[in-house]
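Number of protein chains: 2
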Amino acid sequence: MTNKLYDTSLSLLTDLYQVTMAYGYWKAGMTDDRQPSSDSTRSGAAEKEAVFNLYFRKNPFSGGFTVSGGLTNVIGYINNFGFSRKDLRYLRSLTGSDGQPLFEEGFLTYLANLKLSCDIDAIPEGTVVFPNEPLLRVRGPILQCQLLETPLLNLVNFESLITTKAARLRLVAGTDTLLEFGLRRAQGADGGMTASRAAYIGGFDATSNVLAGKLYDIPVRGTHAHSWVMSFDTEQEAFDTYAEMMPNNVTLLVDTYDTLEGVKHAIQTGHKLRQKGYALSGIRLDSGDLAYLSIEARKLLDAAGFTDTAIVASNDLDEIIINSLKQQGAKITVWGVGTKLVTAYDQPALGGVYKLAAVRQANHADPDSDPAENHTAVRWDYKMKLSEQAIKISTPGIQQVRRFRDERGFLADMIFDEERSADDLNEATTTMIDPLDFTKRRRFEADQPFEDLLVPVFRGGEQVYDCPDIHATRARVQEQLAGLHPGVKRFVNPHTYPVGLEKSLHELKTELILKLREGGRE
Amino acid sequence: MTNKLYDTSLSLLTDLYQVTMAYGYWKAGMTDDRQPSSDSTRSGAAEKEAVFNLYFRKNPFSGGFTVSGGLTNVIGYINNFGFSRKDLRYLRSLTGSDGQPLFEEGFLTYLANLKLSCDIDAIPEGTVVFPNEPLLRVRGPILQCQLLETPLLNLVNFESLITTKAARLRLVAGTDTLLEFGLRRAQGADGGMTASRAAYIGGFDATSNVLAGKLYDIPVRGTHAHSWVMSFDTEQEAFDTYAEMMPNNVTLLVDTYDTLEGVKHAIQTGHKLRQKGYALSGIRLDSGDLAYLSIEARKLLDAAGFTDTAIVASNDLDEIIINSLKQQGAKITVWGVGTKLVTAYDQPALGGVYKLAAVRQANHADPDSDPAENHTAVRWDYKMKLSEQAIKISTPGIQQVRRFRDERGFLADMIFDEERSADDLNEATTTMIDPLDFTKRRRFEADQPFEDLLVPVFRGGEQVYDCPDIHATRARVQEQLAGLHPGVKRFVNPHTYPVGLEKSLHELKTELILKLREGGRE
Numbered sequence: 076m077t078n079k080l081y082d083t084s085l086s087l088l089t090d091l092y093q094v095t096m097a098y099g100y101w102k103a104g105m106t107d108d109r110q111p112s113s114d115s116t117r118s119g120a121a122e123k124e125a126v127f128n129l130y131f132r133k134n135p136f137s138g139g140f141t142v143s144g145g146l147t148n149v150i151g152y153i154n155n156f157g158f159s160r161k162d163l164r165y166l167r168s169l170t171g172s173d174g175q176p177l178f179e180e181g182f183l184t185y186l187a188n189l190k191l192s193c194d195i196d197a198i199p200e201g202t203v204v205f206p207n208e209p210l211l212r213v214r215g216p217i218l219q220c221q222l223l224e225t226p227l228l229n230l231v232n233f234e235s236l237i238t239t240k241a242a243r244l245r246l247v248a249g250t251d252t253l254l255e256f257g258l259r260r261a262q263g264a265d266g267g268m269t270a271s272r273a274a275y276i277g278g279f280d281a282t283s284n285v286l287a288g289k290l291y292d293i294p295v296r297g298t299h300a301h302s303w304v305m306s307f308d309t310e311q312e313a314f315d316t317y318a319e320m321m322p323n324n325v326t327l328l329v330d331t332y333d334t335l336e337g338v339k340h341a342i343q344t345g346h347k348l349r350q351k352g353y354a355l356s357g358i359r360l361d362s363g364d365l366a367y368l369s370i371e372a373r374k375l376l377d378a379a380g381f382t383d384t385a386i387v388a389s390n391d392l393d394e395i396i397i398n399s400l401k402q403q404g405a406k407i408t409v410w411g412v413g414t415k416l417v418t419a420y421d422q423p424a425l426g427g428v429y430k431l432a433a434v435r436q437a438n439h440a441d442p443d444s445d446p447a448e449n450h451t452a453v454r455w456d457y458k459m460k461l462s463e464q465a466i467k468i469s470t471p472g473i474q475q476v477r478r479f480r481d482e483r484g485f486l487a488d489m490i491f492d493e494e495r496s497a498d499d500l501n502e503a504t505t506t507m508i509d510p511l512d513f514t515k516r517r518r519f520e521a522d523q524p525f526e527d528l529l530v531p532v533f534r535g536g537e538q539v540y541d542c543p544d545i546h547a548t549r550a551r552v553q554e555q556l557a558g559l560h561p562g563v564k565r566f567v568n569p570h571t572y573p574v575g576l577e578k579s580l581h582e583l584k585t586e587l588i589l590k591l592r593e594g595g596r597e
Numbered sequence: 076m077t078n079k080l081y082d083t084s085l086s087l088l089t090d091l092y093q094v095t096m097a098y099g100y101w102k103a104g105m106t107d108d109r110q111p112s113s114d115s116t117r118s119g120a121a122e123k124e125a126v127f128n129l130y131f132r133k134n135p136f137s138g139g140f141t142v143s144g145g146l147t148n149v150i151g152y153i154n155n156f157g158f159s160r161k162d163l164r165y166l167r168s169l170t171g172s173d174g175q176p177l178f179e180e181g182f183l184t185y186l187a188n189l190k191l192s193c194d195i196d197a198i199p200e201g202t203v204v205f206p207n208e209p210l211l212r213v214r215g216p217i218l219q220c221q222l223l224e225t226p227l228l229n230l231v232n233f234e235s236l237i238t239t240k241a242a243r244l245r246l247v248a249g250t251d252t253l254l255e256f257g258l259r260r261a262q263g264a265d266g267g268m269t270a271s272r273a274a275y276i277g278g279f280d281a282t283s284n285v286l287a288g289k290l291y292d293i294p295v296r297g298t299h300a301h302s303w304v305m306s307f308d309t310e311q312e313a314f315d316t317y318a319e320m321m322p323n324n325v326t327l328l329v330d331t332y333d334t335l336e337g338v339k340h341a342i343q344t345g346h347k348l349r350q351k352g353y354a355l356s357g358i359r360l361d362s363g364d365l366a367y368l369s370i371e372a373r374k375l376l377d378a379a380g381f382t383d384t385a386i387v388a389s390n391d392l393d394e395i396i397i398n399s400l401k402q403q404g405a406k407i408t409v410w411g412v413g414t415k416l417v418t419a420y421d422q423p424a425l426g427g428v429y430k431l432a433a434v435r436q437a438n439h440a441d442p443d444s445d446p447a448e449n450h451t452a453v454r455w456d457y458k459m460k461l462s463e464q465a466i467k468i469s470t471p472g473i474q475q476v477r478r479f480r481d482e483r484g485f486l487a488d489m490i491f492d493e494e495r496s497a498d499d500l501n502e503a504t505t506t507m508i509d510p511l512d513f514t515k516r517r518r519f520e521a522d523q524p525f526e527d528l529l530v531p532v533f534r535g536g537e538q539v540y541d542c543p544d545i546h547a548t549r550a551r552v553q554e555q556l557a558g559l560h561p562g563v564k565r566f567v568n569p570h571t572y573p574v575g576l577e578k579s580l581h582e583l584k585t586e587l588i589l590k591l592r593e594g595g596r597e
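Those protein sequence lines, which keep their order, are chains C and X. Here the first sequence stands for residues 76 to 597, numbered as in the numbering used here. Here the second sequence stands for residues 76 to 597, numbered as in the numbering used here.
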C-alpha cells in the first residue's frame, strides 16, 4: 500500500543541485547510453555506475535504537517517477548568471525519456536499526542515484523519526491504549498523514485522523471537544445529549469547567446510559494535574459502580511524562498523544545522509551477456567523504548488514562489503571491528545464527519486493523490540548496541582514509 | 494561488471527534435546515449558529512577534471542501462499541449534500500578529465550524511557524542572501513544500526545492554535492568538469577533502572560467569553523583577484548561529539554511487553538428578509473556556483586532467585539485593558489612526477575498516588520507588544468568568 498523497509524479521534489549535477553527468557523457533517445552529440566519456548508502549517524531522542520507516512511500515514489511536460517546461525556463538557459534541450529530452533502472536494496520497514547502517542502498547510473537523493532522504528521515518516537511511547505504555491525536499541530497536511501512519506502525492503537483511517486502514477514535460542552447551557445537558445521540460511543471530556464536577456529571449520564443498556466507555482529562485528577476520578467512578469506564488523558504528553504519571500511580489506561509525537518535538529531524560509496565505469559491451557477470567485470572504485570528526567519515562499499543473534535476541550488527568481504565471510571465524576504536573486536563462528538485513526492493528499476501491509509492519516492530536487550531500550544513558565493520571492509576504509589524508586526491 | 498539493478534497483530513460532534448536532436537530436533502426525521430543535476564533497563546521561539501564514492554503482547502462517495463509504464502515454503525444513513446523506455556508474573516497572510488575536474567525452553522477546526489549525499553525522563523532569519541576515535548503530533513513531502513557500514569504530569496519553485513561483538555487567531487579522481577534475559543463552557474563546494585546499582548486577553475569569459559565482563551505574558514577563504579569493566571488555557507545554521558568525566577522554573504528552518527545530509546533466564542439559535424565519437584519435579530450567547491558568481562559465574542499606529509604526492592538463594543468605539476615547492585569489600561483618542486587521474572506461559503500573490505577501512581511519597534524584534527578552481588550469586551469576559466560577453552568 502506498501513501496515496504521493500517487502522482513528484520527480521535481528534489534539490536543484541534483538536477544540475545530473546535467553535468549527462553533458560530460557519463550517463546511461541505453536510455531511449539519448543524445548523440555528447562526448564519448563512459557511463558511471554508482552506489550510494542512506544512513544516519546518531539515534534520535538520545535513545539506543531507531525503527526504520518510509520504505512503502519510497516504493510509491519510485514507481511514480517520471518527468511530465510541465516539469520540463519549468526546467526549460531556468536561467544561469548570464541569462541563458541553464539546461540544453537535449538534456530535457533525456529526462523526458528517462526510466529508472536502479537496483535498490533496503532494510524492511519496522526493523530496529542503528547508526551507520545503510537503510537503503541505491546502485545504478550515477545520474539516477543523484536525482533520488533528496526525496529518499525526506521520506526515510521523517517516517523513521516518528516510528521511533511511537515505539518509545509503546515501551512506556505497556498494555495501555495509545491514541494519536496530533493532526492539528502536525507540520502540514501530509506531515499529519505520515505521522498518523508511522505512529500506528510504531505501536499506537488508533488515530483521530479520519483520512489516515480511510487511506491506511488504521482504527480511528475520538470523543468530543470542549466546544461541544460550551455550546449547551449546562455540562449535564451536553453530556446527556451526546450520550443520547451516540450511545455506543460515549467518552466524555470532563474538564471544560471543573474536572471533578465534570466527572460527577459524566456519572449521571452513565446511569442514564445503563438504563438503556449501554455503557459509559470513558471519561477524558485534558488539563490540570493528571496524576491527582485521575486518581480522584477513579475513586468517583468506582464508587458509582463504573469500574469498567476508562480514564483517557491528553495534554502535551510524551514518553517522559507518561512514564512519570505511571510512577505516580495515575489511573490512566488510555493515552492521547499529539504534538510531541507527530512533530517529534524534542528532535524534529533525523539527520539521515546519502553518501557515495563506490563508482565504476559501467560495462555494457555485450548486452546479451549475463548481467551478473557484467557486474563483476569492472572493479569498483571505493569512495568516502573525509572529515575532521571520525563520526562524519563515511564508509565505502556495497554495504550489507549482518545481524547476529542467539536464542535470547540480537547480539551485534556487522556491516560488510558484498564483494570485498565475500572471502572472509566464508572463513570459520568472522571478525567485526568497532569503527570508532579499532582495538575493539568481536569474533563470530560460522555457525552463529544471523540474518542479512537488506533485501532487494528494485532490480533494474522494477519492483521485486512484496511490501508487507501496515498491520504486518506494525507487528514486526514489536517482534524487533523484543529482540533488543532492555539496556538498549532504556531512555537514560542507553547501552550502545554493537555495530561494527567486517574486517576487510575496515581495512579498505583505513587504507582509503590514509590515502586521502596523504593527498592521494590531488 | 493555492498550494497545489491540496487541490483535491481532503474533507476527511480532520479529527474523528469533529465528525462525531457533527453527527451529534445533526441528530439533535441543531443543523442547518436549509441544506439540500436535509433529513426530515430529526427532532425539532433549532439550528445553532456559532462563532469560533483561531488564535495562539504564546509567540514561538521565545520571540516578541509572529507572522501569520496559511490563509492561501485555507482558502484552497475550503474551496475544495466536499465529501466524496469514497469518504462516505468509509464513514459508513465505522462502528461503535456494540458493533453497530456509528452514523445513521441520513447523516451521511446530509454530508453528501453539505455545502459550506460559513462566513470567514481572517488577518491577511504576512501580517505581524500577537498572542490571543484571532487570526481566523469562523461563523456559521456549528456543525460546519466544527468540521473545519482541525484542518484550519493544521494549515495556520505550521505556516505561521515557518514564516515567523524565516522572518527572524531575515532580521539577522540583513541584506545577505538567504537560501532554503531543507527538503531532505523536512517533515514529509508537503512539510518540505509548505516550508519552502513559507520561507520565501518570510524573507528568503530562493529555495533548492525545484517543485516548490515550479508550483509557487519561487526562485530556485543550487550548487553541487560532495558526491560530485567524490565521483571524479581529483577535486580539480571535478571542479573543472562542472565549470566546463555549466559555466554560467558555478558555485563550488570546497570542503569534500580539505577546505582551504579546496578553495585553491576552485581558484584554478575560476581562472579557466575567466579565460572563457565567465565568472566563478561562489564557493560553498559546509563544515568546520565557518568564521575562520570564510575569513581565510576570502583572503585567498581576494589575493587571486576573485573579489566578486561570494562565500556561501551551510551546516545546521539558524538565526542564533548566523548572528554569532556575523559578530565574529565571518566573510559569508550567502546563507543556506535547512533543517533548523523547515522543521522550526527549536519549537516545531505553534500551539494554535480554535475556541467557541459565541452561539445562538439561527434565525431563518423569513428567508426573504435582509440577512444583515437576521444577524442582529437574535442575541448571541457568549462562550468561553475556563482554566485555572488565566492565560488559558479563552475570550468570548465576535472578535476583531484594531491596530493603532502613528507615523513611526504600530502602537498597540485592541481586540473588540463587533457587536458589544460598537457603541464604545464611537466615543471620543477608547479604553483598552490588559487581559492579564486589568489595572493596566491605555486610552486612544478618536483621531488615532488605526486599521482593523480581520478582512472578509468567505461570505455564505463563497470566497470574497482576492488573495495577494506570493511576492506581494512576501513584501508585506517586510513592511509589517518595519512597523514594529526594534525592542519587539530582538531575540533576547523581547519587549512585549501591547495587546488588550476593548473595555466592554473586558467587562463581558469578567462577568462570564465570575458567572462560570460561581457555578452558573450547573
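C-beta: ideal position from N, C-alpha, C; glycine also.
Query: Residue-chain proximity (Gly215 (chain X), chain C), Cβ-Cβ < 7 Å; Result: no
Query: The alpha helix (DSSP H) enclosing Val563 (chain X), as first and last residue numbers; Result: Pro561 to Lys564
Query: Identity of the residues DSSP links to Asn128 (chain X) by a beta bridge; Result: X:Arg212 and X:Lys430
Query: Cβ pair Thr238 (chain C), Val409 (chain C) closer than 7 Å; Result: no
Query: Reference Val528 (chain C), options C:Asp488, C:Asp315 and C:Gln219, closest by Cα; Result: At residue 528 (chain C) the sequence reads Leu, which differs from the Val that was named. Here the closest residue by C-alpha is C:Asp488.
Query: Option nearest Val213 (chain C) by Cα separation, candidates C:Asp498, C:Arg478, C:Ile153 and C:Leu589; Result: C:Ile153
Query: Residue closest to Gly215 (chain X), alpha-carbon to alpha-carbon, out of X:Thr106, X:Leu166 and X:Ile545; Result: X:Thr106
Query: Test: Leu66 (chain X) CB closer than 7 Å to a CB of chain C; Result: Residue 66 (chain X) falls outside the range modelled here, since chain X spans only 76 to 597, and no answer is possible.
Query: Members of the segment 214–241 of chain X that neighbour chain C once the beta carbon cut-off is set at 9 Å; Result: Ile217, Cys220, Gln221, Glu224, Thr225, Pro226, Leu227, Leu228, Asn229, Leu230, Asn232, Phe233, Glu234, Leu236 and Ile237
Query: Contacts that Ala125 (chain X) makes with chain C (C-beta to C-beta distance below 7 Å); Result: Ser306
Query: 3-residue-minimum beta strand (DSSP E) runs that sit fully inside the segment 340–390 of chain C, ordered along the chain; Result: 357–360 and 385–388
Query: Spatial neighbours of Lys515 (chain C) in its chain, beta-carbon cut-off 6 Å, leaving aside the 5 residues before and after; Result: Asp509
Query: Residue closest to Glu593 (chain X), alpha-carbon to alpha-carbon, out of X:Gly472, X:Gly536, X:Thr334 and X:Leu461; Result: X:Leu461
Query: Beta strand (DSSP E) segments (min. 3 residues) lying fully within the segment 501–559 of chain X; Result: 504–509, 512–520, 525–527 and 530–534
Query: Buried versus exposed, by CB contacts within 10 Å (16 or more), Leu243 (chain X); Result: It should be noted that the sequence gives Arg, not Leu, for residue 243 (chain X). Buried, by the Cβ-count rule.
Query: Beta-carbon contacts of Ala121 (chain C) that lie in its chain and below 8 Å, excluding the five residues immediately before and after; Result: Gly104, Met105, Gln436 and Ala437
Query: Whole-angstrom C-beta distance between Thr548 (chain C) and Glu58 (chain C), which should lie under 8 Å; Result: Look at the range of chain C in this structure, 76 to 597, and you will see that residue 58 (chain C) is not part of it.
Query: Proximity test, Cβ basis, 7 Å: His546 (chain C) and chain X; Result: no
Query: Range of the contiguous alpha helix (DSSP H) that encloses Asp650 (chain X); Result: The requested residue 650 (chain X) is not part of the displayed model; chain X covers only 76 to 597.
Query: Contact under 7 Å by Cβ, Val476 (chain X) with Ala197 (chain X); Result: no
Query: Length at least 4, wholly inside the segment 130–160 of chain X: the alpha helix (DSSP H) runs in chain order; Result: 146–154
Query: Alpha-carbon to alpha-carbon, Glu493 (chain X) and Phe525 (chain X); Result: 16 Å
Query: Chain-order list of residues whose beta-carbon lies under 7 Å from that of Arg245 (chain C) (same chain, five-residue window excluded); Result: Leu253, Gly277 and Gly278
Query: Assigned secondary structure, Ser118 (chain C) (DSSP; H/G/I helix, E/B strand, else coil); Result: With a pLDDT of 43 at Ser118 (chain C), under the threshold of 50, the predicted position of this residue should be treated as unreliable, though the coordinate-derived value follows. If DSSP states are grouped into helix, strand and coil, Ser118 (chain C) belongs with coil.
Query: Coil, strand or helix - Asn599 (chain X) by DSSP; Result: Within the shown structure, residues of chain X are numbered from 76 to 597, placing residue 599 (chain X) beyond reach of any answer.
Query: Span separating the alpha-carbon of His560 (chain X) from that of Gly484 (chain X); Result: 7 Å
Query: Sufficient close CB pairs (3 or more, under 8 Å) joining the segment 317–325 of chain C to the segment 125–142 of chain X; Result: no
Query: The alpha helix (DSSP H) enclosing Gly181 (chain X), as first and last residue numbers; Result: Glu180 to Ala187
Query: Per-residue burial, Gly144 (chain X) [other beta carbons within 10 Å of its own, 16 or more giving buried]; Result: buried
Query: Simplified DSSP state of Val574 (chain X), which is helix, strand or coil; Result: strand
Query: Opening and closing residue of the beta strand (DSSP E) in which Gln474 (chain X) lies; Result: Gln474 to Asp481
Query: Spatial distance of Leu87 (chain C) from Phe307 (chain X) (CA atoms); Result: 26 Å
Query: Given 8 Å, three or more beta-carbon pairs between the segment 266–274 of chain X and the segment 418–435 of chain C; Result: no
Query: Best match in C:Phe156, C:Asp173, C:Glu179 and C:Ser172 for proximity to Arg164 (chain C) [C-alpha to C-alpha]; Result: C:Glu179
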